[in-house]
Every structure is written in structure tokens, then in C-alpha cells.
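A.B. asks: Numbering (our numbering), first residue to last: 16 to 290. By construction, the Cβ of each residue, glycine as well, lies at the ideal position given by its N, Cα and C atoms. The model shown is predicted, which means the values in this text are computed figures rather than measured ones. Sharing a structure below in C-alpha cells format, with a few things to ask.
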Amino acid sequence: MNAQSQAKSPETLRAMVAGTLANFQHPTLKHNLTTLKALHHVAWLDDTLHVELVMPFVWHSAFEVLKEQCSADLLRITGAKAIDWKLSHNIATLKRVKNQPGINGVKNIIAVSSGKGGVGKSSTAVNLALALAAEGAKVGILDADIYGPSIPTMLGAENQRPTSPDGTHMAPIMSHGLATNSIGYLVTDDNAMVWRGPMASKALMQMLQETLWPDLDYLVLDMPPGTGDIQLTLAQNIPVTGAVVVTTPQDIALIDAKKRHCDVREGRSTGARDC
């Protein structure tokens with residue numbers, strides 16, 4: 016076996032690629048790609064090097080940086096004329112609050128909340144969902160802000176109405192690549208919601224559990240603002256794997272934001288304490 020054929024043997028090729036990937040650094044990586052076992056497949060076909068990565072988190076934009084920084088080195092050391100890069104994701108399911116059972120087909124639920132209204136919570140939720148989708152994840156968003164649902168308007172879907180394929184469950188409305196549901200799809204602007212806490216909480220839990228969500232890597236939950244009974248009940252009963260608390264830099268706003276941080280993290284119904 017000559018040196019040229021040795022350089023193209025599967026073991027040698029994989030070692031070359033793994034060594035190059037191990038030296039790649041990016042702000043999104045706490046560990047290098049070799050440690051993450053991201054290298055899924057390496058092959059040589061018709062002078063083309065085929066490299067496939069599988070990442071446990073969304074990584075599309077960083078993948079473009081990887082190709083720019085590593086392609087030249089791989090072409091040089093392997094002698095390939097071209098590289099066929101592929102990226103897929105196998106999103107991990109993070110630990111849920113209190114190890115609660117999850118929602119069918121949904122790997123992770125991210126709750127976006129705030130201590131007060133008007134701080135950009137819904138904008139953050141929508142932008143987070145769209146950013147995750149742009150990075151390659153399968154994403155849904157549930158508008159749990161029952162008294163002021165804004166997600167349908169923000170996504171340009173305010174005139175749509177959900178359907179029920181089986182008469183029991185709701186099919187989500189697809190908008191901008193997101194699977195969405197909201198109380199705003201069920202009521203008009205002229206019908207104000209006057210539900211009390213227990214009724215509102217029950218309705219939102221039904222929307223969460225009885226929507227026919229497709230397989231999702233992330234479901235972003237736009238929580239109602241504030242620290243009342245509805246928010247605390249939802250924090251206790253929703254199998255959250257991550258949370259974002261939105262605030263403005265004023266001291267008063269930060270006090271309420273800290274309460275939301277504690278309540279979401281611990282899933283409790285008592286008042287805030289140092290956490």
C-alpha cells in the first residue's frame with residue numbers, strides 16, 4: 016500500500032479530520048468537537064472528502080465558521096479536491112424541573128417570563144424561537160400570556176384559527192417555520208379575557224398538553240408577566256428545562272425579575288427569598 020492510498024484509508028482520514036476539528040475553537044464550544052464526539056462520518060469518494068457532524072445543540076452559524084477555517088487545512092493534508100460538509104442535530108433533552116414528565120414529542124421547554132409587563136418579554140420569546148429555528152432546530156412557541164396575547168400579531172398570523180383533526184386536540188398554526196398556538200387564535204380583539212387564576216391556568220395547561228405539537232427540539236413558552244397565582248401555578252406544573260427572565264435595568268423592575276427567577280427555578284408557590 017503506497018502513501019497515497021494510506022492517506023485515504025478510513026482510519027487515517029478519520030484521524031486527520033478529528034485532529035483538525037480538535038483544534039477548532041468557537042465561543043459556542045466549552046469542549047472541542049472531538050471531545051463532544053461530534054464527528055459522525057468520514058469518507059472518501061472521487062477525490063472528495065465527505066465529513067458529517069452531529070451536534071447535541073443547534074450550531075448552524077458556527078458550522079459555517081468551521082467550514083471557512085478548516086477546509087483549507089483538510090484539503091492540504093488529505094489531498095482532496097473538494098470537501099462535502101454535512102451537519103445534523105440530535106438535540107439533547109435537559110433535566111426538567113422536579114423531573115416532571117414531558118410533553119409528547121417536545122424535548123425541551125423554555126419559559127420566557129418577566130416580573131412586569133412591557134419589558135420586551137414577548138419580543139424576546141419570538142426572537143429566541145426564530146433564532147433557534149434559524150440555527151437548525153425544530154421549534155414551537157406557545158403564547159401563555161392569556162390576558163394580552165401578542166404572538167399571533169407578531170408573527171403575522173392574527174387572522175388564522177386553529178383546527179381540530181380529531182375533535183379533541185388542536186393542530187398548531189405554522190408561521191415562519193414555527194409551530195404556534197395562542198389564546199389569541201381563539202378570541203377576537205373585541206372579546207376580553209376575564210378568567211380568574213384557576214380557570215386561566217387550566218386553560219393554558221390544556222393548550223400545552225392538547226396541542227398536536229410536531230416533534231420539537233424546543234418549545235418556547237411566552238409566560239404571562241408578573242408573579243401572581245397563574246405564573247406560580249404554571250411554574251409548578253410545566254416541565255420546564257430552561258428559563259429566561261426579561262427585565263429592564265431599573266431597581267424596581269429587577270426586584271420583580273428576581274422573584275420570577277426564583278419561582279421558575281424552584282417551581283414553588285411561595286414568595287421569593289434569596290436564591
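Spatial neighbours of E173 within its chain, please: CB distance less than 6 angstroms, with the 5 preceding and 5 following residues excluded, ordered by chain position.
C.D. replies: If we look at E173 and ignore the five residues flanking it on each side, its Cβ neighbours are P167.
A.B. asks: What does a CB cutoff of less than 8 angstroms around A30 pick up in its chain, not counting 5 residues either side in sequence?
C.D. replies: Same-chain partners within the cutoff: there are none.
A.B. asks: The beta strand (DSSP E) that contains H55, what's its start and end?
C.D. replies: It spans L54 to L60 - the beta strand (DSSP E) in which H55 sits, taken as one unbroken run.
A.B. asks: Roughly how many angstroms separate the alpha carbons of L145 and P229, rounded to a whole number?
C.D. replies: About 16 angstroms.
A.B. asks: Taking only three categories from DSSP, how would you classify N17?
C.D. replies: For N17, the predicted structure reports a pLDDT of 41, less than 50, and the residue's modelled location is therefore unreliable. The matter cannot be settled from this model.
A.B. asks: Straight-line CA distance for R91 to I188?
C.D. replies: C-alpha separation (whole angstroms): 48 angstroms.
A.B. asks: From this set, S197, L68 and N123, which residue's C-alpha is nearest L231's C-alpha?
C.D. replies: Of the listed residues, the one whose Cα sits closest to L231 is N123.
A.B. asks: Skipping 5 residues on each side, what residues in its chain have a beta carbon closer than 6 angstroms to that of S197?
C.D. replies: Correct list, in chain order: D158, P164, I166 and P167.
A.B. asks: If you measure between the beta carbons of V255 and A107, is that distance less than 8 angstroms?
C.D. replies: Not a contact, by the Cβ cut-off of 8 angstroms.
A.B. asks: I'd like the span of the beta strand (DSSP E) that includes E26, first residue to last.
C.D. replies: Segment P25 to A37 is the alpha helix (DSSP H) holding E26; no beta strand (DSSP E) there.
A.B. asks: Where does K52 land, buried or exposed, given buried means 16+ other C-beta within 10 angstroms?
C.D. replies: Per the 10 Å Cβ criterion, exposed.
A.B. asks: Answer yes or no: do D181 and M238 have a C-beta to C-beta separation smaller than 8 angstroms?
C.D. replies: Result no, Cβ atoms of D181 and M238 do not sit closer than 8 angstroms.
A.B. asks: Identify, in the order they occur along the chain, each residue of the same chain with its Cβ nearer than 8 angstroms to the Cβ of Q21, setting aside the five sequence neighbours on each side.
C.D. replies: Its pLDDT being 49, under 50, Q21 is placed unreliably in this model, and the value from its coordinates should be taken loosely. Around Q21: T27.
A.B. asks: How many Å lie between P71 and K136 at the Cα?
C.D. replies: So the two alpha carbons sit approximately 27 angstroms from each other.
A.B. asks: Could you check how far apart the C-beta atoms of V121 and V235 are, in whole angstroms? I think they sit under 8 angstroms.
C.D. replies: With a Cβ gap of about 11 angstroms, V121 and V235 do not count as contacting.
A.B. asks: Quick one: using the 10 Å Cβ neighbour count with 16 as the cut-off for buried, is S128 buried or exposed?
C.D. replies: Counting Cβ neighbours within 10 Å, S128 comes out buried, since at least 16 surround it.
A.B. asks: Starting from T195 and walking both ways along the alpha helix (DSSP H), at which residues does that stretch end?
C.D. replies: Careful: T195 lies outside any alpha helix (DSSP H), inside the beta strand (DSSP E) at L193 to S197.
A.B. asks: DSSP puts E67 in a beta bridge; with which residues?
C.D. replies: H56 and K101, per the DSSP bridge assignment.
A.B. asks: Is any beta-carbon of chain D found at less than 8 angstroms from that of A186?
C.D. replies: Absence of chain D from the displayed structure is noted, only one protein chain being present.
A.B. asks: Report the start-end ranges of each alpha helix (DSSP H) in the stretch 240-265 that is 4 residues or longer and not cut off at the edges.
C.D. replies: Counting only runs of 4 or more, we get 244-252.
A.B. asks: Taking Cβ positions, are N252 and M220 nearer each other than 8 angstroms?
C.D. replies: Going by C-beta atoms, N252 is nearer than 8 angstroms to M220.
A.B. asks: What residue range is occupied by the uninterrupted alpha helix (DSSP H) comprising I92?
C.D. replies: Segment H75 to T93, the alpha helix (DSSP H) holding I92.
A.B. asks: According to DSSP, is E147 part of a helix, a strand, or is it coil?
C.D. replies: The identity of residue 147 in the sequence shown is Leu, whereas the question assumes Glu. Helix at L147.
A.B. asks: Below 8 angstroms CB to CB, which residues in the same chain sit around A95 once its five sequence neighbours on both sides are set aside?
C.D. replies: Hits under 8 angstroms: W59, D62, T63, L64 and L89.
A.B. asks: Using the Cα positions of K131 and T242, report the straight-line distance between them to the nearest angstrom.
C.D. replies: Each residue's alpha carbon lies about 8 angstroms from the other.
A.B. asks: Can you tell me where the beta strand (DSSP E) with I124 in it begins and where it stops?
C.D. replies: Counting along the chain, the beta strand (DSSP E) containing I124 begins and ends at V121 to S129.
A.B. asks: Under the DSSP definition of a beta bridge, which residues are partnered with T226?
C.D. replies: According to DSSP, T226 bridges with M185.
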